[in-house]
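Residue numbers (the working numbering): 43 to 416.
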């Protein structure tokens, strides 16, 4: 208990002020300063914190694969290296496959731009709208020097952005590798600071997160392989150029963008079809719509039933929330996080059968014996 004659300095009680008021003011001021410093540090370190969170997610996603190699007699470091190398090769392969597609379609678009512009002018003229525009004259009179300067400035900005992205990817990769390779040691360090009863709960949450995140990652990967093979076959059959790259694009977006991924991934094949032949575009649209239904009702439920059963509305809402917080990485990580929270909460909530009118079952109405009622 504080003595009434204690020296509080500038907070010395006056006029009969209770001694706890200066102490309260001091604590409020101290908490405000600590909070402000924490927020300031978090804002300054936001990029690093986001990179750490992404690395943690990838580490948890790779954990089942690393355990698989450990069960086959490989050391944890070697298993981590194999999984990490596979992830890097997949990312590099995707980029290499997309570069010719982007370059080729941009070249086609630039080459045919005057024809497209003339078609628009002719279409407007048919509807009584006279547009004084000649594509050939426009290109001839264009200030090539100014265009070149603009392109050079844009190229410099793109180069800086690419270098920043590469640096961030290297940072995430380094943290991911060490978090995965040293996961048992890191887990022991964290658990050693907790009492035994809390260690059990932490391990339970950790295993649950690994199961849901790993299940999400590998089930999506399997669905992407199926979607990619089918899409490649269809695109190749209808004669769409760059069919393999477009199938890869559609497969990745369809599985890692919740709910609307197939439609978003189908935009690029549709645009490529428009540049080639409108009939091909129609076939692409038909394929995207039909495959989305087949995947939703036949393929996906069989694969994801035991890994991550989320209602589409919950998945969409979680993706929006994750995207608002962390952009595209947040949208990708939101689904396994939501599934882990749902499973963890479900393990602590007791479920009971709903009786009476609230169930919506007429057999359980008052006065009507229903199943299980006496």
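From the three backbone atoms N, C-alpha and C, an ideal C-beta is built for every residue, glycine too.
Just so you know, these numbers come straight off a predicted model, no measurement behind them.
Backbone CA spacing between residue i and residue j [nearest angstrom]
i           : j           : result
residue 215 : residue 132 : 14 Å
residue 96  : residue 371 : 7 Å
residue 298 : residue 137 : 16 Å
residue 141 : residue 335 : 30 Å
residue 146 : residue 342 : 34 Å
residue 304 : residue 238 : 47 Å
residue 161 : residue 139 : 32 Å
residue 208 : residue 202 : 10 Å
residue 417 : residue 110 : As displayed, the chain neither begins before 43 nor continues past 416, which places residue 417 out of reach and without an answer.
residue 284 : residue 311 : 9 Å
residue 77  : residue 71  : 10 Å
residue 89  : residue 98  : 14 Å
residue 306 : residue 230 : 43 Å
residue 245 : residue 210 : 30 Å
residue 263 : residue 80  : 38 Å
residue 250 : residue 385 : 8 Å
residue 256 : residue 325 : 35 Å
residue 243 : residue 134 : 39 Å
residue 261 : residue 345 : 6 Å
residue 124 : residue 67  : 57 Å
residue 381 : residue 360 : 10 Å
residue 315 : residue 327 : 10 Å
residue 122 : residue 64  : 56 Å
residue 286 : residue 73  : 58 Å
residue 82  : residue 217 : 24 Å
residue 379 : residue 144 : 33 Å
residue 205 : residue 395 : 57 Å
residue 302 : residue 337 : 12 Å
residue 383 : residue 153 : 52 Å
residue 247 : residue 313 : 45 Å
residue 267 : residue 112 : 25 Å
residue 118 : residue 126 : 12 Å
residue 150 : residue 114 : 50 Å
residue 172 : residue 166 : 7 Å
residue 333 : residue 87  : 43 Å
residue 128 : residue 120 : 12 Å
residue 354 : residue 258 : 14 Å
residue 156 : residue 329 : 31 Å
residue 148 : residue 164 : 24 Å
residue 221 : residue 387 : 26 Å
residue 233 : residue 369 : 32 Å
residue 130 : residue 91  : 22 Å
Assigned exposure category for residue i - 16 Cβ within 10 Å defines buried
i           : result
residue 219 : buried
residue 62  : exposed
residue 84  : exposed
residue 69  : exposed
residue 340 : exposed
residue 240 : exposed
residue 412 : Its pLDDT being 48, under 50, residue 412 is placed unreliably by the model, and nothing is read from it.
residue 168 : exposed
residue 254 : buried
residue 252 : buried
residue 308 : buried
residue 235 : exposed
residue 269 : buried
residue 409 : Confidence is the limiting factor: at residue 409 the pLDDT is only 47, short of 50, which leaves the residue's position unreliable, though a coordinate-based value still follows. So residue 409 counts as exposed.
residue 414 : Since pLDDT at residue 414 reaches only 45, below the 50 mark, its modelled position is unreliable, and the value read off the structure follows with that caveat. Counting Cβ neighbours within 10 Å, residue 414 comes out exposed, since fewer than 16 surround it.
residue 331 : exposed
residue 265 : buried
residue 60  : exposed
Cβ separation of residue i and residue j, assumed to be a contact under 8 Å, to the nearest whole Å
i           : j           : result
residue 377 : residue 357 : 6 Å
residue 101 : residue 213 : About 14 Å; that fails the 8 Å criterion.
residue 288 : residue 282 : 6 Å
Proximity test, Cβ basis, 8 Å: residue i and chain B
i           : result
residue 277 : Absent from the structure: chain B. Only one protein chain is present.
Across the stretch 289-299 and the stretch 262-273, are there enough close Cβ pairs to call them in contact, namely three or more that are closer than 8 Å?
With a cut-off of 8 Å on Cβ pairs, the stretch 289-299 is in contact with the stretch 262-273, counting three or more such pairs.
If contact is defined by three or more beta carbon pairs under 8 Å, each pair taking one atom from either stretch, is the stretch 355-368 in contact with the stretch 316-325?
They do not touch, by the three-pair rule.
Touching or not, the stretch 104-121 and the stretch 221-231, by the rule of three or more beta carbon pairs under 8 Å? Yes, they touch.
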